[in-house]
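Mapped onto UniProt numbering, the consecutive letters of the sequence shown carry residue numbers 1 to 985.
Quick reminder that beta carbons are idealized off the backbone N, C-alpha and C, glycines included.
All values derive from a computational prediction rather than experimental measurement.
Working notes, structure below.
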Amino acid sequence: MAKVYVEWDQYILDDQEDDGGEVVYQLEGSPISASFQLQARATTTSFNLQAYYTNIATTSHPLGSVVDLGWVHNGNTVFVLSGVPGHFNTINPPSNWMQLSLATVGNKPLRQLVIPGSHDSGMSFVDGSTFFGGGASHVLTQTLSVGGQLANGARYFDLRPVISSGIFKTGHYSTLPAVGYQGANGESFSQIILEINAFTAVNSELIILNLSHDLNTDSGYGSLTQADWDKLFLQLSGLSHLYVAPNPTTIDLSTLPLSQFIGLGSAAVIVLVDAGDKTVTLGSYATRGFYSSTTQFPLFNSYANTNGLSTLENDQLTKLAQNRISWNSSEFLLSWTLTQQAIDFTQKNAPSIIGYANQANNDLFTALPPVINRNVFPNILYIDNFNRTDVTALAIGINDYNTNWEGAGCGGGIWANVNATSGLQLNSLLYRFHPAVCWSRAFPQRDEILKGSWDSLYLYRFVYEFCNVHVEITRIWREYKLEPRTRLSTQVTSVRRAKPEELKSVTEEELKPEKLGHARWIINDGQDGVFDAVIATVGTCGQPNMITLKGMPGWKEEQAKKQQDEEKRKDLAHEQEKEKKEKGGSHGERHGKRNPTAWTDMQKQNPDAVAEDQQEKKENNFLTPGEAYHGDGGDTVSVSSDEIATQDDGVWTKTKPQENAWDVGRDQVQKKEQGFPTPGEAFETGEDVQRGGEDKSLAEGKNEDNNDDANDTATKQQNGKAHVDEGDDVFKGPILHSSQLDRKDAPSFEGKTVAIIGGGASAVEAVEAALAQGAQKCLVIAREDKWIIPRNIFVDTLIAMQPFGREMPLSFLWEKFIIKFNYHGVEDLAPAHLGLFESTPVVNDEFLGHVRHGRCKYIRGDTEELTSRGVLVNVRDRNSRSGDKGNKKEFGADIIVLATGFKKPDVNFIEKDLFPEAYEAILYSLRKYARILMTFLMDKDARPSPKDMKLWVDALRFVKRGAKGGALGFFTYMELSKLPDSSSP
């Protein structure tokens, strides 16, 4: 944000009428020229600030408009500008601002939006009061009627029904010692209904009325009875456009998108009820636009109960951070209201409620924007004295900010969950998901991928600049008018083939692939109709993968629980083994002794024995491939491309003669490279971030006795039982995932030593992020070395031209070239046992330079455990392999970063039998090339037949039959030349 200070010449002998000044703002990088001025102008009697829209138009002000902003002496004047070209928003937003926002936020559920609201909305005047409650300064919370607040943009209203002289009115009452309830009445409900109906007749907006704090002032100030509420419901039924939701008695309204309420061009009014008498029910009104506020619009609402601004800020912003932990958290009401205290009733010049409101509302613009991010933002901006439009402009601005950050509300994919230093690992020419997408360089970093080429959101408090992002995909979405056809924030739970009887205009011939037809598809419950094709663009990265290591906070409790689970499993297995023996011979007798803690390699046995073996292990809670990395030897599973395997429901089976080991191999190789434990070592994952104190410690490492048995694994096996060493140290500093370094709540890296566990792309980029944030030094602890190639188009293109996509007899020449070209001075970091074409390399220009200049220390070894001062590592030389005997050293660290990658995204919505046998893994293998393949699939004349598709896969498998990790485990881009001739039928 930016702030401009304005001071006028007020010397008594000077003529202030000619005083003036301007500041011009140009939106740099905008695809269109966009600029505006903020001007200061004076007259003989007054000062004024104004906005001049010289070369920009907004939803409320055409090009060339001049808007008076006013002037606040020793205070702040507000100006807000947000949005993107063609859809800028600013102060004085139009009365139908929600309708105008549908294109950008219509697909977002209410819990992902910000809506302006008012507190004690009906109290703009006094219509009857108690003896001590008639003072306007103590009961009036608003200066405008509900209709006036609607015109200023308020959409959430706090209405407190009271019965006074038999009439339903709004009220503001409190209990005072010795005298009981005191207060006053405000607008009647009949007047409010007229105002709302008049507004919705010309504005198709969503309006939320929350009814609470009910009182019957005619009958001892008790809560309204069921009969009273029924009368009020009947009166409120006179509201036009009461919205009836699907499943109206159980729906959580906050999960519905804005477009579902007003997307068809009609207004929607919601009545939420929180009766003082909890026995009151909605009855038949539950299906007529009335809802329970507690169960159908869950909302955190807790006011500060203070008349001090600093206390208000601390209270509400702390609660906001605690309760809005993700962009999809439950609704949060920011109660930005100051409350009169006892002393205010005794002091003659104490501020009124309205006076306090003016202080709080001005403070809102300086206190709230700095804490806003894509996860932390309020849903209701709840204020007294809603007599201004800039609060509405602020709400719209935050919505624009979140929309632009998220990429049209889709979360930005993996790029919204990584650090600013993270960049593409492939040339951007292959990351152009649309011809109109343009990148400034070959390997753009996160912010450009999210932003596109320019910053789009500007939020000023004369003038605070609150810039963030404009996503390339957002621009394309709008350019092609895709918003109405997009379902964001919608979980796909099932994708199935449509049955012939569900298709009215499709013949059976058109469904047969051999006739160049294709299946039709239904997503979820089919509410969006039938689709010709489905593309699962789930990416390769899901949620951050947090592993648990010995020495982490909570590790001992975790191990104790695992010990109990292990004992239960063994007891169950013993009972089942005993039962089998009684039935005539155990499974173990038929198939030999097996490792009791790991999945065994049963590939060479008969299929029936394999199936029985695997099913037994599944029933006995043995570790699955998704739960642990399977080591290279022993009794654990080790699968090569020449072996046959399928994956079914997370359980290894070897029942079909198929070769789709690619998916399996890739999963296992990645886990091994990222330092995952083997089945005998595996834990459940821990929490995302653990925090503790800081402990400055060793810089280069402290030698420990090389006791092979002392620290082998986090879980030791003694007599078949897991053992927890209660004397182990616990790391005292922060522990976080490599994707969390840019988070607002991340610890400071300034002057710290950061230990990064992992050796892949995540680790390399974590080094860049930590050093960029001021870390003194980084330690990278890598189990195995990875090839690091430069971000050089010429070099990378030559490497990619390898036509076989696997190690070949002359591949060593490329390796020598890379060592000479990229590893000069740090040749020891080049992998000794890994070919350049055996694993996806890391593409980075900075990391090796950091190592050369001493900013980063590279440690090759196995992470044994965390200690109170850092990390204990089994340090090995270049020619060793993971698990080999080394020299154990303790390395001091202030912060530990787990560069352990991301979990695989869930694709369980895809039918199990979607692909023919032996081709199940193709979906995951070829998603990198979806755009290229769609070039063929979209055109019926170019579409290859199933036979040709299978031929391409079979040919690729034949050529790469010796490739590490399976034929489809590693690609070079030249392999696309192997696509079969698509012109043949």
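Do residue 799 and residue 789 have their beta-carbon atoms positioned less than 9 Å apart in this structure? The residue you call residue 789 lines up with position 789 of the sequence shown. The residue you call residue 799 lines up with position 799 of the sequence shown. Between residue 789 and residue 799, the gap from beta carbon to beta carbon is short of 9 Å.
Separation of residue 387 from residue 309, as counted between CA atoms: What you label residue 309 is simply residue 309 of the sequence shown in a count that begins at 1. What you label residue 387 is simply residue 387 of the sequence shown in a count that begins at 1. If you draw a straight line from the Cα of residue 309 to the Cα of residue 387, it is about 20 Å long.
Look at the alpha carbon of residue 81 and the alpha carbon of residue 25, and state the distance between them as a whole number of angstroms. Position 81 of the sequence shown, counted from the start, is the residue given in the question as residue 81. Position 25 of the sequence shown, counted from the start, is the residue given in the question as residue 25. If you take the alpha carbons of residue 81 and residue 25, they lie about 11 Å apart.
Could you give the DSSP three-state label for residue 443: helix, strand or coil? Reading the sequence shown from its first residue, position 443 is the one you call residue 443. The answer is coil: DSSP assigns residue 443 none of H, G, I, E or B.
Nearest-angstrom Cα distance between residue 159 and residue 844? As a working mapping, residue 159 is identified with position 159 in the sequence shown. As a working mapping, residue 844 is identified with position 844 in the sequence shown. Each residue's CA atom was taken as its position, placing residue 159 and residue 844 some 59 Å apart.
Under 7 Å Cβ to Cβ from residue 774, same chain only, skipping five residues before and after it: list those, please. Indexing the sequence shown from 1 puts residue 774 at position 774. Contacts found: 749, 750, 751.
Simplified DSSP state of residue 910, which is helix, strand or coil: The residue labelled residue 910 in the question sits at position 910 within the sequence shown. Strand, per DSSP.
Alpha carbon of residue 203 to alpha carbon of residue 152, nearest angstrom: Walking along the sequence shown from the start, residue 203 turns up at place 203. Walking along the sequence shown from the start, residue 152 turns up at place 152. The straight-line gap from Cα to Cα measures roughly 13 Å.
Would the beta-carbon of residue 283 fall within 9 Å of that of residue 243? The residue given as residue 283 occupies position 283 in the sequence shown. The residue given as residue 243 occupies position 243 in the sequence shown. Taking 9 Å as the Cβ cut-off, residue 283 and residue 243 do not qualify as a contacting pair.
Suppose the cutoff is 8 Å on Cβ atoms and the five residues either side in sequence are ignored; what does the same chain contact list for residue 389 look like? Counting from one through the sequence shown, the residue named residue 389 turns up at place 389. Same-chain partners within the cutoff: 91, 92, 93, 152, 153.
In its own chain, which residues sit with a C-beta less than 6 Å from the C-beta of residue 807, not counting the 5 before and 5 after it? Against the sequence shown, residue 807 aligns to sequence position 807. Its chain contains 835, 837, 838 as the residues whose beta carbon lies nearer than 6 Å to that of residue 807, once the 5 sequence neighbours on both sides are disregarded; these appear in chain order.
With a Cβ-Cβ cutoff of 9 Å, do residue 306 and residue 281 count as a contact? Residue 306 sits at position 306 when you count from the first residue of the sequence shown. Residue 281 sits at position 281 when you count from the first residue of the sequence shown. No.
Identify, in the order they occur along the chain, each residue of the same chain with its Cβ nearer than 6 Å to the Cβ of residue 128, setting aside the five sequence neighbours on each side. Mapped onto the sequence shown, residue 128 falls at position 128. Excluding sequence positions up to five before and after residue 128, its CB lies within less than 6 Å of the CB of 164, 185, all in the same chain and listed in chain order.
Does the distance from the CB of residue 382 to the CB of residue 119 come in under 9 Å? Residue 382 sits at position 382 when you count from the first residue of the sequence shown. Residue 119 sits at position 119 when you count from the first residue of the sequence shown. Yes, the pair counts as a contact, with Cβ atoms nearer than the cut-off.
Reference residue 850; option with closest CA among 767, 254, 296: Numbered from its first residue, the sequence shown carries residue 850 at position 850. Measuring from the Cα of residue 850, the nearest candidate turns out to be 767.
Please look up how many angstroms separate the CB atoms of residue 872 and residue 885, rounded, as I've assumed it's under 8 Å. For the purposes of this step, residue 872 is taken as residue 872 along the sequence shown, with counting starting at 1. For the purposes of this step, residue 885 is taken as residue 885 along the sequence shown, with counting starting at 1. Taking 8 Å as the upper bound for CB-CB distance, residue 872 and residue 885 are not in contact here, some 15 Å apart.
Residue from 734, 827, 847, 759 whose Cα sits closest to the Cα of residue 772: For this step, residue 772 is matched to residue 772 along the sequence shown. Closest in alpha carbon position to residue 772, among 734, 827, 847, 759, is 847.
Would you mind stating whether residue 254 and residue 41 have Cβ atoms separated by less than 9 Å? Indexing the sequence shown from 1 puts residue 254 at position 254. Indexing the sequence shown from 1 puts residue 41 at position 41. No, these two residues do not count as a Cβ contact at 9 Å.
Helix, strand or coil for residue 307? Go by DSSP, reduced to three states. Taking the first residue of the sequence shown as position 1, residue 307 is located at position 307. In this structure, residue 307 counts as coil in the three-state DSSP scheme.
Where in the stretch 225 to 254 do unbroken runs of the beta strand (DSSP E), each at least 3 residues long, occur, reported from the N-terminal end onward? Runs of the beta strand (DSSP E) inside the stretch 225 to 254: none found.
Determine the closest residue to residue 146 out of 181, 198, 162, with distance taken between C-alpha atoms. The residue labelled residue 146 in the question sits at position 146 within the sequence shown. Out of 181, 198, 162, 198 has the C-alpha closest to the C-alpha of residue 146.
Just to confirm my understanding: we take residue 830, look at its own chain, exclude 5 residues before and 5 after, and list those with CB closer than 6 Å. What are they? Position 830 of the sequence shown holds residue 830. The residues are 819, 823.
Assign residue 840 to one of three DSSP states: helix, strand, or coil. On the sequence shown, position 840 is the one that residue 840 refers to. Of the three classes helix, strand and coil, the one that applies to residue 840 here is coil, per DSSP.
Helix, strand or coil at residue 175 [DSSP, three-state]: As a first step, residue 175 is located in the sequence shown; it is residue number 175 there, counting from the start. In the structure shown, residue 175 sits in a strand (DSSP, three-state: E or B).
Indicate the three-state DSSP secondary structure (helix, strand or coil) for residue 739 in the structure shown. Here residue 739 refers to the residue found at position 739 when the sequence shown is read from its first residue. Assigned with DSSP and collapsed to three states, residue 739 falls in helix.
Check whether residue 733 and residue 955 have beta carbons under 9 Å apart: Reading the sequence shown from its first residue, position 733 is the one you call residue 733. Reading the sequence shown from its first residue, position 955 is the one you call residue 955. For the 9 Å CB-CB criterion, residue 733 and residue 955 do not form a contact.
If we ignore side chains and look at the alpha-carbon of each, how far apart do residue 349 and residue 361 end up? Here residue 349 is taken as the residue at index 349 of the sequence shown, counted from 1. Here residue 361 is taken as the residue at index 361 of the sequence shown, counted from 1. Going from the Cα of residue 349 to the Cα of residue 361 covers about 20 Å.
Counterpart residues of residue 898 in DSSP-defined beta bridges: To locate residue 898, count along the sequence shown from 1; it is residue 898. Residue pairing by DSSP places residue 898 opposite 737, 757 in a beta bridge.
Just confirm the distance between the C-beta atoms of residue 785 and residue 759, as a whole number of angstroms; I'd bet it's less than 8 Å. Numbered from its first residue, the sequence shown carries residue 785 at position 785. Numbered from its first residue, the sequence shown carries residue 759 at position 759. With 8 Å as the limit, residue 785 and residue 759 qualify as a contact, their Cβ atoms being about 7 Å apart.
So for residue 569, helix, strand or coil by DSSP? Against the sequence shown, residue 569 aligns to sequence position 569. When secondary structure is reduced to three states using DSSP, residue 569 falls in the helix class.
Could you compute how far the alpha carbon of residue 341 sits from the alpha carbon of residue 178? Against the sequence shown, residue 341 aligns to sequence position 341. Against the sequence shown, residue 178 aligns to sequence position 178. One C-alpha to the other measures close to 17 Å.
Output needed for residue 333: all residues of its chain with C-beta closer than 6 Å, excluding positions within five of it in sequence on either side, in chain order. On the sequence shown, residue 333 is found 333 positions in, with the first residue counted as 1. Cβ within range, chain order: 299, 301, 380, 382.
Distance, residue 260 Cα to residue 855 Cα: As a first step, residue 855 must be located in the sequence shown, where it is residue number 855. As a first step, residue 260 must be located in the sequence shown, where it is residue number 260. The C-alpha of residue 260 is placed about 54 Å away from the C-alpha of residue 855.
Could you please give the first and the last residue of the uninterrupted beta strand (DSSP E) stretch that includes residue 90? Translated into positions along the sequence shown, residue 90 becomes position 90. Secondary structure note for residue 90: its beta strand (DSSP E) is the uninterrupted segment 87 to 90.
Residue 68 versus 88, 47, 56, residue with shortest Cα-Cα distance: Numbered from 1 along the sequence shown, position 68 holds the residue referred to as residue 68. Of the listed residues, the one whose Cα sits closest to residue 68 is 47.
I'd like the span of the beta strand (DSSP E) that includes residue 188, first residue to last. On the sequence shown, residue 188 is found 188 positions in, with the first residue counted as 1. For residue 188, the enclosing beta strand (DSSP E) begins and ends at 180 to 188.
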